[in-house]
Amino acid sequence: MVMGVLALPLAFVLFRRFPDAGAGLSFPLGLVFAGYAYFVLRTGSVLPQGRGGAILAMALVGLASAAVAGQDHRFRATLSRSGPGVLMAAGTFTLFFFAFVAYRSYVPDIAGTEQPMDFMYLNASIVSPEYPPADAWLAGERASYYYFGYIQAGLLTQASGVVPEEGYNLALAYTFAAAATSMASVAFAVARWALGPRLRRWAFVAAAASVGFLLFVGSLSAVFEVAAAHGSYNRGLYEAFGVEWLIPCPAPDGSSNAADRTNCFTGPTEPRTTAWYPTEFWFWWRGSRVIPNTITEFPFFSFLLGDLHPHVMSLPLVILALGLAASIWRGRSLLRASTHLAQPAWTLGLGVILGSLAFQNAWDLLTFTAVAGTAVFLRNLRRGPLMQAAPATLGFLWPVMLLAVALYAPWYRDFRSQASGFYAYVGAGTGPAHAFLQFGPLLLAALLTCTWAFRRAPAAETKNALLLALWAPLLPLLGWMLLASLRGDFGAGIDARDPATTDTYGLISAARHLLSGGWATLALYAATVWLLTAAFGVLVRTHSRTAVIPALGAVGALLIYGAELFLIRDVFFGGQPRLNTVFKLTYQAWMLLSLAGGVALAVTLARLWRHRARAAWAAVPVAAIALLGLVYPLTAAANRIGASSEPTTINGLAFVARSNPGEYALVQWVRSQTMPGDVVIEASGRTWGRGQDGRPVITNAGVDYSESARVSARTGRPTPIGWYFHAVQWRGQTDATARDLAYRQDLVDGIYLAADTRTIVPSMREAGAEYLVVGSIENSRYAGLMPRFGDVLDPVFRTESVTVYRVPVSKQVRTE
Amino acid sequence: MTTEPAGDRVEERIIGVYVEERVLVLESDEPSSKRGAFKISGAVLAWAVLGALFLALRLGPTWQAPVGGAEWLHLSGAWQARAGEPDGRFVPSLFQALSTLILHISASEIGPRIAAFIASASIPAAVWMLRSKLGEAGALASLLLVALDAPAIAFGASASAMGFDLPIALWLLVLVTRDRPVRPWLVAAAAFAAVTAGPIPLPLIAAWATLALARGARPPAAQWGPLAIGAAAGVLAASLRFGLGFDGLRIPAIDLFAASFEEQWASSSAFELTMLYSPPLLVAAFGAAIGIVVSARKGEHVPPVAVLLLGWFAFALSWLLSSAGEHTPAPLAAVTLPAALLAGPALVRAFGAMWRAEWRLARYLVPAAAAFLLFAIAIIVHWGQVDAVGGAQDRVMTGLLLGGAGVAALAVALERRAAPALLALGLGVSIFPVLAGAFGVALSAGAEPIPSPVSPPQARELRDLALARAKAGGGTIVIHPSLEADATWPVRESGEITVASRAPADAAIVVWPADLPAPEGMVRVSGAWSFARAHRAPDGFLRYVKWYTHRNAAVSTSVPAAVYVGTGQ
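Just so you know, the protein sequences line up as chains A and B, in that order. According to our numbering, the stretch in the first sequence is residues 4 to 819, in order. According to our numbering, the stretch in the second sequence is residues 30 to 598, in order.
1) Could you tell me which residues DSSP pairs with tryptophan 237 of chain B in its beta bridges?
2) Contact check, tyrosine 590 of chain A vs isoleucine 563 of chain A under 8 Å by CB: the rounded distance?
3) Roughly how many angstroms lie between the CA atoms of isoleucine 724 of chain A and leucine 344 of chain A, to the nearest whole one?
4) Nearest-angstrom Cα distance between alanine 260 of chain B and alanine 72 of chain B?
5) For leucine 199 of chain B, which of B:Ala495, B:Ala563, B:Leu159 and B:Ala176 has the nearest alpha-carbon?
6) Comparing C-alpha positions only, which one of A:Arg761, A:Trp733 and A:Ala210 sits nearest to aspartate 138 of chain A?
7) Would you call the region 564-579 of chain A and the region 619-633 of chain A in contact, with 3 or more CB pairs under 8 Å?
8) Quick one: any contact between the region 100-112 of chain A and the region 693-713 of chain A, if contact means 3 or more CB pairs under 8 Å?
9) Using a Cβ-Cβ distance under 9 Å, would serine 57 of chain B count as near chain A?
10) When you compare the region 381-397 of chain A with the region 436-451 of chain A, are there three or more beta-carbon pairs, one atom per stretch, that lie closer than 8 Å?
11) So valine 825 of chain A contacts chain B; which residues on that side make the cut at Cβ distance below 8 Å?
12) Sorted by chain position, which residues of the same chain lie with C-beta nearer than 8 Å to glycine 53 of chain A's C-beta, five sequence neighbours on each side aside?
13) Quick check on this structure: which residue in B:Arg270, B:Pro230 and B:Ala529 has the alpha carbon closest to the alpha carbon of alanine 345 of chain B?
14) Does any CB atom of chain B fall closer than 9 Å to the CB of glycine 55 of chain A?
15) Evaluate leucine 171 of chain A with the Cβ neighbour count: other Cβ atoms within 10 Å of its Cβ, from every protein chain shown; 16 or more gives buried, anything less gives exposed.
16) Taking isoleucine 538 of chain B as the query, report the chain A residues whose CB atoms sit under 7 Å from its CB, ordered along the chain.
17) Measure the Cβ-Cβ separation of leucine 195 of chain B and isoleucine 147 of chain B and say whether it is below 9 Å.
18) Alpha carbon to alpha carbon, how far is methionine 120 of chain A from alanine 716 of chain A?
19) Is it a yes or a no for the region 739-748 of chain A touching the region 146-163 of chain A, going by three-plus beta-carbon pairs under 8 Å?
20) Under three-state DSSP, which class holds arginine 698 of chain A?
21) Cβ of isoleucine 508 of chain B within 9 Å of Cβ of alanine 179 of chain B?
22) Between the alpha carbons of threonine 690 of chain A and alanine 583 of chain B, how many angstroms are there, rounded?
23) Relative to the C-alpha of alanine 190 of chain B, which residue among B:Ala238, B:Gln125, B:Leu132 and B:Thr225 is closest?
24) Any beta carbon from chain B within less than 9 Å of arginine 817 of chain A's own beta carbon?
25) Are the region 531-541 of chain A and the region 454-472 of chain A touching by the rule of at least three beta carbon pairs closer than 8 Å?
26) What's the gap between the Cα of leucine 240 of chain A and the Cα of leucine 588 of chain A?
27) Between A:Met767, A:Phe493 and A:Pro664, which has its C-alpha nearest tyrosine 755 of chain A's C-alpha?
28) Quick check: what's the CA-CA separation for valine 410 of chain B versus leucine 84 of chain B?
29) Give the secondary structure of serine 597 of chain A by DSSP, where H, G and I count as helix, E and B as strand, and everything else as coil.
30) Under three-state DSSP, which class holds alanine 399 of chain B?
31) Have a look at the DSSP bridge pairing and note the partners of leucine 570 of chain A.
32) Tell me the rounded alpha-carbon separation between alanine 222 of chain B and alanine 188 of chain B.
33) Output the distance between the C-alpha atoms of alanine 24 of chain A and alanine 192 of chain A, rounded to the nearest integer angstrom.
34) Closest by CA to alanine 378 of chain A, which one among A:Ala361, A:Ala712, A:Asp367 and A:Thr396?
35) Whole-angstrom Cβ separation of glycine 455 of chain B and alanine 399 of chain B, contact assumed at under 8 Å?
36) In this structure, does DSSP put histidine 103 of chain B in helix, strand or coil?
Here is the structure:
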């Protein structure tokens with residue numbers, strides 16, 4: 004809240020045309036600027052590590068705001084005008100923040116999935132003695148990840164003086180609240196512009212609907228989950244929607260073949276719950292895996308799960324970027340290169356915000372800078388002809404983009420992207436039913452635009468727009484064909500999306516097969532892109548203020564369509580080639596479509612309110628489908644909270660204190676008694692046993708998603724090696740990386756398995772380590788194989804289950 | 030010696046506000062009315078008395094206070110720098126650099142403290158310079174508040190890296206509120222001082238910068254150059270650690286601000302220290318701040334200096350609030366100056382209002398309330414002494430007395446013209462904790478929670494013993510790494526010592542944590558040794574009352590050390 008207040012004058016300048024003057028966006032705005040100041044000044048060794056540095060970074064934002072307010076002759080007037088908006092923003096933020104804190108207090112544990120990894124980055128960003136921050140799971144190396152979100156979360160954690168395990172959960176709450184407040188602000192502004200003075204009261208509906216779409220609507224698969232859990236299902240319907248895995252396998256009566264039993268629920272056949280919601284452990288997980296071999300995560304799932312991932316933390320920032328694009332689009336003057344000379348502070352602000360997109364979640368950079376760039380172009384197009392607008396736009400954009408990259412040069416220097424190519428996707432596509440379950444409510448809401456976009460335009464205009472808009476879906480398709488042909492995969496790509504198999508049983512069956520194939524989905528996506536683009540074209544040509552709605556919707560649909568045609572190659576390429584592409588692009592689409600859908604719904608209702616029958620015809624089914632999307636959040640939240648039996652708290656390590664007090668004491672000791680940069684040796688994660696010849700052998704080499712490197716994750720102290728496969732993802736799948744990681748694993752395991760204790764201290768020095776931990780994880784990974792460390796190391800901390808050793812100290816000190 | 034009024038504007042009934050209008054005429058051979066008579070105005074006398082009080086209260090800590098808190102840490106850092114091995118405890122502030130230099134001349138802590146004392150001695154002069162802004166009486170009252178403020182006393186004579194901070198902050202205020210243009214060299218010097226000072230001037234700088242930026246004000250173009258040169262010279266000097274070698278980009282004010290959150294500069298938290306020493310001053314400052322805000326809301330003119338003081342107070346208070354749980358007295362010291370400068374003039378105004386108040390009713394009720402309060406306090410003090418709340422009868426009695434005091438005070442408060450008379454009650458209640466804190470820190474700092482933890486004199490005895498043993502029997506002095514930081518200061522001037530976690534074979538004497546097993550082949554030297562002693566803030570209200578009435582009752586803890594010598598010795 005303090006951050007939001009501090010950044011208000013900055014928001015006023017950037018978003019003056021918003022009804023709330025950007026008050027709702029001031030939370031992420033302030034945090035982005037403070038985070039950037041912290042990052043740069045720590046990298047430049049101006050700010051020291053710790054809470055004081057965080058507070059000073061925030062104070063700098065206050066000073067910048069004071070400077071802006073001093074120069075802004077409309078500051079007082081804007082403050083006075085936006086008073087209600089400021090109060091609304093503060094109220095919305097407070098409500099959502101405490102609501103999420105209340106939810107999270109039931110499930111506060113930082114455990115499972117990738118939460119230890121998130122916690123490691125959060126701690127590393129807080130305690131790293133040097134900046135850019137160290138990779139705590141690869142001692143001696145700097146982090147190679149998009150970690151700006153962790154810096155911001157760390158900033159809030161430090162400034163508010165809470166411990167990181169509380170800061171983690173509060174950062175999630177902040178993200179949730181800031182996303183809601185920002186989305187409400189942008190949706191309200193766009194709707195007010197679109198609705199005009201007569202209908203502007205409907206803008207509240209747009210704000211509420213957009214926030215609802217973004218943060219609450221979930222996969223429609225939950226409807227099937229609920230019915231299946233209660234034993235009320237129709238097998239045909241489930242099969243038609245491709246969710247047959249939710250219902251019990253058919254009885255083996257001889258008629259069903261083995262294949263029928265591979266894609267069904269293998270648990271009990273009787274109803275799985277007596278409650279109103281499914282009580283099966285983590286049933287809601289399946290809602291994020293609706294399209295096979297992909298991740299179809301959406302914001303509600305993210306917050307329900309509680310991973311503090313970059314794509315989650317970037318929600319408020321992305322909405323801020325959307326707001327910036329809306330603000331640019333709404334402005335009046337021509338934007339060109341000379342604008343930067345007239346308004347250098349504004350250019351700097353743009354550079355910081357747009358540049359941070361990559362730093363926070365690299366996937367967002369292209370999409371949302373493209374949106375901002377389009378906004379600049381459309382604004383310039385309003386001021387002059389194409390031949391003037393295009394060069395002016397380019398002249399304006401290139402310095403901004405240059406600045407956006409230059410400002411984050413210290414991060415780019417260390418960042419290694421795991422992306423290794425752009426490919427045509429030639430696997431089986433998404434089935435239409437799955438597409439509907441996942442994106443139906445949002446796409447339909449965005450398509451509501453078409454109910455009024457074409458009505459007032461001349462027929463010729465509409466026809467032209469429809470023809471021109473054909474290129475929007477066609478160009479990606481042509482690109483796909485070209486790419487696939489170049490790699491010789493064209494034929495395979497065509498066949499893979501064709502569901503027609505040999506077992507066609509007539510016309511209906513064939514139609515069903517055709518409609519369940521990837522081509523049908525592609526056609527649906529293409530039609531959506533086409534219609535929304537055409538709607539946008541028509542509205543632009545008729546100078547309608549509503550043009551921005553289908554524009555946002557078209558970009559969102561285009562992202563989903565693009566994820567169906569292309570993929571970014573990464574380490575998952577072999578098994579699940581488009582896993583991340585679908586995941587990251589559809590997540591972006593979710594944000595865009597939430598905004599477009601929410602505003603479109605409000606505008607449609609507002610326009611048709613006088614003709615309620617027509618309203619019912621168009622908006623009510625969409626609203627009904629959207630309401631079905633609320634089944635997921637209701638049942639999933641009930642499931643998650645219902646499974647909790649521990650006392651409520653926001654301390655993410657309370658479960659460790661309860662279940663393993665020794666480990667908890669270890670964390671506290673390491674935090675208080677070691678220096679932030681001290682390297683701590685802990686189990687590499689590989690499990691060892693004794694071979695037949697009596698020598699240690701690896702019995703389990705898997706280390707990721709386990710408790711290995713937990714001391715490092717919980718304290719930010721570097722350890723030589725953390726989660727192996729994650730290090731590969733962050734560093735790239737190269738021989739050099741593999742060699743380095745294997746060397747580190749061997750070094751650590753060599754210490755824990757030392758046959759000759761005299762090798763321990765030299766090995767620890769080689770690892771640059773000062774401390775060695777022997778706790779429950781080490782006792783399980785090296786059971787019965789560890790040497791007597793006390794012979795060569797000093798025990799410095801001991802509980803029943805944990806001992807920490809330190810390399811003996813001996814030095815001469817001059818005292819005069 | 031006679032006293033006579035000078036001029037027509039004498040207002041005898043408002044003591045303090047117009048005190049400058051009275052003159053003191055010393056006897057001389059010539060008639061008093063003649064030219065050349067040696068006259069001392071009452072104001073000058075008041076300045077002299079308060080200045081003397083200010084200095085006198087800082088003499089004790091300069092000479093006799095044990096080395097403690099941040100001072101301990103920074104003197105250790107300065108000593109290591111003097112020994113040619115600067116470590117993280119050396120923060121390159123101007124004062125730290127000067128301390129290192131002084132330690133070359135004398136190994137005592139008194140040398141650097143005298144430097145801090147001399148710098149603090151300029152505070153009365155700086156407040157005097159502000160009298161045109163605060164009013165003569167207001168400035169005097171402010172000086173009195175600063176003089177009696179326990180954290181300011183502790184900091185004023187402390188050889189921590191922030192030894193120059195309070196005077197620098199105040200002189201910066203003098204500079205930025207000057208009506209006349211500031212000379213370029215002074216601008217450069219101020220920038221240099223601000224950059225090489227500790228964190229205490231930061232709230233003032235932040236407030237000044239915020240107000241200047243918000244008003245769209247910029248320093249005159251002619252001052253940018255000196256400002257930049259001074260600041261750059263400061264950054265350069267600090268980065269070069271004043272000649273000890275380059276250590277990356279360093280800005281001591283920022284480093285020490287951050288360190289105030291990370292390091293243990295006190296045994297008690299900032300909140301606890303505030304509760305022990307500063308409630309009266311903070312209440313007065315809050316009252317003054319509210320008064321200024323109310324005036325502004327009414328559309329009355331608020332002088333720029335008052336706005337600046339308000340901003341300074343707000344920033345300092347924000348620091349104090351955000352540090353509430355941290356073990357540091359620095360934000361408390363930082364809040365002292367703006368609080369005193371705000372409260373001083375406000376107290377004078379309030380005093381005037383009290384003087385003019387309608388006392389017809391108050392002259393009975395205020396003493397009655399005071400009497401009730403006194404009796405109640407007497408009972409509570411007794412509870413504090415026995416560390417237990419009394420029986421039902423005592424509690425009822427105390428409740429009735431407090432209730433009676435409250436009713437009497439309320440009756441006065443409800444009568445608008447009589448309400449200012451309540452200030453007498455407030456002053457009566459406040460004066461005792463203020464004086465107790467001031468004299469506690471000034472005269473027996475070794476037993477106060479500020480400064481604490483301290484390096485006990487016994488640590489120096491331990492060093493003498495170790496040196497004697499090493500000299501007699503040969504071998505090295507060995508200190509365990511966990512005691513290294515605490516031992517740096519008391520073990521100074523001891524040649525080369527060994528810091529080791531395992532006693533080497535040639536160890537003559539080993540200083541070890543008491544909870545670790547004895548090093549092999551060594552015997553323990555009897556005695557209760559310690560390198561650190563701490564006085565914590567009393568926990569709980571009754572303990573506070575006990576501590577308040579019996580200053581030595583504070584809980585004292587030591588970190589025990591064990592001393593071992595070889596069996597042959």
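Each residue gets a CB set at the ideal place from its N, CA and C atoms; glycine is no exception. Treat the numbers as computed from the prediction; the structure is a model and nothing was measured.
So, to answer that:
1) DSSP, once it has assigned bridges, lists no residue as partnering tryptophan 237 of chain B.
2) About 11 Å separates the two Cβ atoms, so there is no contact after all.
3) 48 Å
4) For alanine 260 of chain B and alanine 72 of chain B, the distance between alpha carbons rounds to 38 Å.
5) B:Leu159
6) A:Trp733
7) no
8) With a cut-off of 8 Å, the region 693-713 of chain A and the region 100-112 of chain A do not count as touching, because too few Cβ pairs lie within range.
9) Note that serine 57 of chain B scores 40 on pLDDT, short of 50, meaning its location in the model is unreliable; the coordinates nonetheless yield the value given after this. It does not: the Cβ of serine 57 of chain B has no partner Cβ on chain A nearer than 9 Å.
10) Not touching, per the Cβ criterion.
11) Lying before the first or after the last residue shown, residue 825 of chain A is absent from chain A, which here runs from 4 to 819.
12) Closer than 8 Å at the Cβ level, and outside the excluded window around glycine 53 of chain A, lie Gln161.
13) B:Pro230
14) yes
15) The sequence given here places tyrosine at residue 171 of chain A; leucine does not occur at that position. Buried, since its Cβ has 16 or more Cβ neighbours within 10 Å.
16) Chain A residues near isoleucine 538 of chain B: none, gap ~14 Å exceeds 7 Å.
17) no
18) The alpha-carbon atoms of methionine 120 of chain A and alanine 716 of chain A are separated by roughly 7 Å.
19) Result no; under three Cβ-Cβ pairs closer than 8 Å.
20) Coil, per DSSP.
21) no
22) 54 Å
23) With distances taken between Cα atoms, alanine 190 of chain B lies closest to B:Gln125.
24) So, interface residue.
25) Enough Cβ pairs lie closer than 8 Å, so yes.
26) 29 Å
27) Measuring from the Cα of tyrosine 755 of chain A, the nearest candidate turns out to be A:Met767.
28) 32 Å
29) helix
30) helix
31) A:Tyr426
32) 17 Å
33) 9 Å
34) A:Thr396
35) Incorrect: roughly 11 Å between the Cβ atoms, too far for contact.
36) helix
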